[in-house]
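Residue numbers (the UniProt record's numbering), protein chains in the order written: chain A, 1 to 572; chain B, 1 to 679.
In structure tokens:
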């Protein structure tokens, strides 16, 4: 048991040891300061030339968002058609079929928005071409989209009053050349040498000891698995994701994958502090996020290690903790750690079955995705956090008797309005989506659809409710993990989550960028003793309280009907 | 006359406010407050449900529904009452000021020079009237001719009469004040119904009350919280259907009303009105609610030295006699030289001399034996010639030096040293000579108002920078600035210096407040973010500023800043309290909603409330009564402590955040005990 906890502690510490210097490096890269990777500039200049980009052209926040939306729509259309017709395209050794229109719609949106909900299974649903040139490609671009958008926000707060916030294309390209690509290569190599396949050959075959013939899917997986974690994407090569023995062969690869998914989100927070020359603010935000991580991680580990109360009631000893749905090579502690980090940041890859975790673990997983800003996804974690921060600034500004300010800019009705709308968006998408699903399931269970709604759920009751709630929450958070047990590859879920995904991605990017853009334009007010400093522990606690209270208030009834009802029923 | 009622709930005001509470139920008025408007809609729905449940089953008993309806109605009425009582108090305060000037006869001088006596209510802007000793001034105006002593106690409560005269910076008169002596001609400065006071009353009454920027932003935030809770409650219906748990309309609406921030929503406008009312109670008329709010944000405060930082004029503080001159002789000579000096400095020398000399040690010569020499710009000295031929002169160092050198006496190093020492300490040295021979130096010092250092320290902790404006030379100004504890000073100030300083500060993004009275202050008053004009000041100054101080008290700015801060703090803390309350309400209502069909959720009923009905009732009752309980706090404002922003946040977060979580747990549990008796 102790070595299991030690393993987690080591993983977390190694993450910080890598992420903190990485953050400082990123601040320098995007500030245009000299760094050792500058030898890549000729390569980048080649890309700019090839694409007709002038990286020195300055953009304001609106132009940034226009560029971001334009390029994302291009990928959306391109990917949609490749998925639809992949059976007719090369690199399909297993002869997998093309996707249905609704599945293609869902899949492409989900990969463009860095979610990777995966209503298909990698072994049978996609070709190698799709895996590499659509899905893996989007792993890079969606992560870079998030990072580049966050850099726009950084820029807005770096100087006193600014309107020109750098060039989106430059941020985007550099995110890939200076960060994602080099790190992916290193991690892919570690995975490949640890046993993850990297070849373009089709299925392998062997005869098991029982005499059965087994077809083993493989393919160039190591490359994709590396960026799937680094870019907090989560969409794996195989259907079982990182629980699959080829996708995550050993405890070592498990550690590597856990570290890989957390380093960029942490580095972005540190980079924020260094970039805007307020290191302390960066550290305070990092502190709040880390506190949030532990608030979710500790109860998760404890509920997984103590096992299932129903089994305990039968008098069966569970010295290994709750093992249902977990891989023996990882054990409950590492699985619990994974399930926490994959939900607080928006990776959504899994190394165990979340459907099988204890009810309270399910609660923490969902809460983590509802909050979605304890580190959060690549770039977007900081953006989500900014929304909570603006609300905290506003309320606490009033509490100290001054018109609220953030980093020397007055926070007024317009910024509050944007923050309020974005705050409103998550409960709207999650709750309305789940409500719609409940309504269809309850009132039209036997509608004449290809998949009858009544057959969606393997586990009716509270757990079934959690499965639907989880799916909507995961979509809104652009997380991509699933509670599974939910029949989600049908038109209702493909289309409804498709819309939740796209709204839950772009509005929470545009909102914070708009707030930062508007604030950055405003007159800079020097600090005085009456100014509420945002880089203090007090303010950090205030922000944490705002995050916890807002989310608890928005989701308490839904969580009461799902995981809490299940938990209390289990205790009885 | 100056009515300073400190009772929060005057019976007369309460009954007026009660009536208003019902009038304000009009949805057209309610819609201005989105939070309470949704409660009103919920109330209407509950009325319908009550009637429906009279003959039908499935929505709970008629009595239960009716009770919920009544409690929700009370919630709305309580919120309306909070606004109405704040309005009534503000109006009463303004009325008591206005009453003094209604229907006073005015002696109007017509264009042809004839005089007509008619009611003050008919006076138009630009008309001219005159007042003599004993007359009540009929309306606000500006003296165009004459000088008079005026009793302003009706407005300021200060009984000492003041002098007002044409031409200077003290040319304004206020309606309702009384002329004690002399005769003045006054030009009416505002149309009937448009005086500052009338404008203020309109602001308080709500017709022209505009939401301030922070109030708008807060309303948006509260509206979005309300929307979140609409989503929460609406989606509960399909959730409940999925879980085979029918949820009654009463329960849903109760949950909704409890969750939305009714406490702050109900008190928000009352807090704003009370802010203006508090300003009015401090005898400051504000021209907009925004000005009060801005006052809380002030970064820089420009204060005139005289009257604000120092008491009026300089005072004699020490006698320094030269070697070879007895102190007694020097003090006597100083006293004689100052006897005819009517300036405050001169008087203070006489006063100090009398204190210094032993009683009976000195008898004044007959006044007939003395010839007083007045101060002239040429000699720059004054004094006395005694009958025995002694000539005593008092004046600035260089003036006496001339006298000494001209009469063949020496002006010793000792004097020069003493003079420099006093100057560098911020004092003013006066040298006294006898028959051309210097006797010693009198030190005059500015007397810094007692307690002013503490006030500046308080301002500094608030983050407000204080700037002293003075006509003194930089050396003196620096000394006084250091002694009084101001952060900066403008020495040898000309009117445009103030203006430039304000512009300079504003260019750095700071908000500046200043106080002024003269016409030449008007541009700076207009430029400042908060410009407080003294009521005694000129019309131009009053027009330019956004507040008028009826007391003419220069330290009032400090109070205004605190009122502004208090206003924001009250809003912020009550918002926090309101949201924090929701935690307990969830634990009351959510188990109550589901317990019937999901008994396991009893585990969430951590307050062990009696039954689902009692739990819901207790929560809505708590939600309703917390509004009237907090009305006094909303009206008086949360106490402001200048602790520095982070400490203040910590304090208010503990008090209203943590307190806001705990209080409703206790409150709801207690109400549940009572409710359980009836169910």
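Don't be surprised by glycine CBs; every beta carbon is placed ideally from N, CA and C. On a predicted model such as this, the values are computed, not experimentally measured, just so you know.
Please list, in chain order, the chain A residues whose beta carbon lies closer than 7 Å to that of residue i.
{"i": "residue 644 of chain B", "result": "529"}
{"i": "residue 640 of chain B", "result": "401"}
Which same chain residues end up closer than 7 Å to residue i when comparing Cβ atoms and leaving out the 5 residues on each side of it in sequence?
{"i": "residue 140 of chain A", "result": "176, 180, 227, 231"}
{"i": "residue 345 of chain A", "result": "232, 261, 262, 265, 375, 376, 377, 381"}
{"i": "residue 664 of chain B", "result": "581, 584, 585, 622"}
{"i": "residue 674 of chain B", "result": "none"}
{"i": "residue 644 of chain B", "result": "461"}
Within 10 angstroms of the Cβ of residue i, are there 16 or more other Cβ atoms? Answer buried if so, exposed if not.
{"i": "residue 4 of chain B", "result": "For residue 4 of chain B, the pLDDT reaches just 46, beneath the cut-off of 50, and the residue's location in the model is therefore unreliable, although a value from the coordinates is still provided. The residue is exposed, with fewer than 16 neighbouring Cβ atoms inside 10 Å."}
{"i": "residue 474 of chain B", "result": "exposed"}
{"i": "residue 328 of chain A", "result": "exposed"}
{"i": "residue 193 of chain A", "result": "exposed"}
{"i": "residue 27 of chain B", "result": "exposed"}
{"i": "residue 354 of chain B", "result": "exposed"}
{"i": "residue 58 of chain B", "result": "exposed"}
{"i": "residue 446 of chain A", "result": "exposed"}
{"i": "residue 408 of chain B", "result": "exposed"}
{"i": "residue 74 of chain A", "result": "exposed"}
{"i": "residue 677 of chain B", "result": "exposed"}
{"i": "residue 36 of chain A", "result": "exposed"}
{"i": "residue 244 of chain B", "result": "exposed"}
{"i": "residue 429 of chain B", "result": "buried"}
{"i": "residue 19 of chain A", "result": "buried"}
Starting from the C-beta of residue i, find all residues in its chain whose C-beta is less than 6 Å away, skip the five residues before and the five after it, and write them out in chain order.
{"i": "residue 565 of chain A", "result": "462"}
{"i": "residue 252 of chain B", "result": "233"}
{"i": "residue 207 of chain B", "result": "Confidence at residue 207 of chain B is low in this model, with a pLDDT of 49, below 50, so the placement of that residue should be treated as unreliable; the coordinate-derived value is given next. Counting only Cβ-Cβ distances below 6 Å, and skipping sequence neighbours, we find nothing."}
{"i": "residue 81 of chain B", "result": "17, 21"}
{"i": "residue 526 of chain B", "result": "544"}
{"i": "residue 572 of chain A", "result": "none"}
{"i": "residue 459 of chain B", "result": "466"}
{"i": "residue 554 of chain A", "result": "427"}
In chain order, what residues of the same chain have a beta carbon less than 8 Å from the beta carbon of residue i, not counting five sequence neighbours either side?
{"i": "residue 620 of chain B", "result": "68, 71, 72, 75, 254, 257, 258"}
{"i": "residue 414 of chain B", "result": "322, 323"}
{"i": "residue 76 of chain A", "result": "108, 109, 112"}
{"i": "residue 45 of chain B", "result": "249, 253"}
{"i": "residue 405 of chain B", "result": "411"}
Anything in chain A within Cβ reach of residue i, meaning under 9 Å, just list it in chain order.
{"i": "residue 710 of chain B", "result": "Residue 710 of chain B cannot be examined here, being either before or after the span of chain B that is shown, 1 to 679."}
{"i": "residue 510 of chain B", "result": "525, 526, 528"}
{"i": "residue 611 of chain B", "result": "What residue 611 of chain B touches in chain A: nothing, since even the nearest Cβ is about 18 Å away."}
{"i": "residue 277 of chain B", "result": "Those do not exist, as residue 277 of chain B stays about 18 Å from chain A at its closest Cβ, beyond 9 Å."}
Going along chain B, which residues have a C-beta under 8 Å from residue i?
{"i": "residue 634 of chain A", "result": "There is simply no residue 634 of chain A to check, as chain A begins at 1 and stops at 572 in what is shown."}
{"i": "residue 533 of chain A", "result": "645, 646"}
{"i": "residue 427 of chain A", "result": "228, 231, 232"}
{"i": "residue 467 of chain A", "result": "By Cβ distance, chain B contributes nothing, its closest Cβ being about 12 Å from residue 467 of chain A, past 8 Å."}
Residue i touches chain B at which residues, Cβ-Cβ below 9 Å?
{"i": "residue 470 of chain A", "result": "Correct list: empty, because the minimum Cβ distance to chain B is about 14 Å."}
{"i": "residue 276 of chain A", "result": "By Cβ distance, chain B contributes nothing, its closest Cβ being about 18 Å from residue 276 of chain A, past 9 Å."}
Could you tell me whether any Cβ in chain C is nearer than 8 Å to the Cβ of residue i?
{"i": "residue 452 of chain A", "result": "Among the protein chains in the structure shown, which are A and B, there is no chain C."}
Quick one: does the C-beta of residue i sit closer than 7 Å to a heavy atom of the ligand ATP?
{"i": "residue 469 of chain A", "result": "Ligands in the displayed structure: none, and consequently the ligand ATP is not present."}
Mind pulling the chain A residues with CB within less than 8 Å of residue i?
{"i": "residue 514 of chain B", "result": "The premise fails here: residue 514 of chain B is roughly 17 Å from chain A at the closest Cβ pair, so nothing lies under 8 Å."}
**Request:** List in chain order: all unbroken alpha helix (DSSP H) runs of 4+ residues lying wholly within the stretch 23-94 of chain A.
**Result:** Complete alpha helix (DSSP H) runs here, min 4: 41-51, 61-84.
**Request:** Flag this pair as touching only if the stretch 279-287 of chain B and the stretch 486-496 of chain B have three or more C-beta atom pairs under 8 Å; answer yes or no.
**Result:** As far as the Cβ criterion goes, the stretch 279-287 of chain B does not touch the stretch 486-496 of chain B, which means the pair count is below three.
**Message:** Count Cβ pairs between the stretch 493-505 of chain A and the stretch 42-61 of chain A that sit closer than 8 Å; are there 3 or more?
**Reply:** Contact between the stretch 493-505 of chain A and the stretch 42-61 of chain A is absent: fewer than 3 CB-CB pairs across the two stretches fall below 8 Å.
**Message:** I'd like to know if the stretch 87-96 of chain A and the stretch 108-116 of chain A are in contact, where contact means that at least 3 CB-CB pairs between them fall below 8 Å.
**Reply:** Note that the stretch 87-96 of chain A does not touch the stretch 108-116 of chain A; fewer than 3 beta-carbon pairs, one per stretch, sit closer than 8 Å.
**Item:** Continuous alpha helix (DSSP H) assignments of at least 4 residues falling wholly in the stretch 483-532 of chain B
**Value:** If one requires a minimum length of 4 residues, the alpha helix (DSSP H) runs lying completely within the stretch 483-532 of chain B are 495-507, 522-527, in chain order.
**Request:** Examine the Cβ distances between the stretch 61-78 of chain A and the stretch 511-523 of chain A and report whether three or more of them are shorter than 8 Å.
**Result:** The answer is yes - the stretch 511-523 of chain A touches the stretch 61-78 of chain A, with three or more Cβ pairs under 8 Å.
**Request:** At 3 residues or longer, and completely inside the stretch 275-319 of chain B: list those beta strand (DSSP E) runs for me, N to C.
**Result:** Counting only runs of at least 3 residues, the stretch 275-319 of chain B fully encloses the following beta strand (DSSP E) elements, listed from N- to C-terminal order: 284-286, 300-304.
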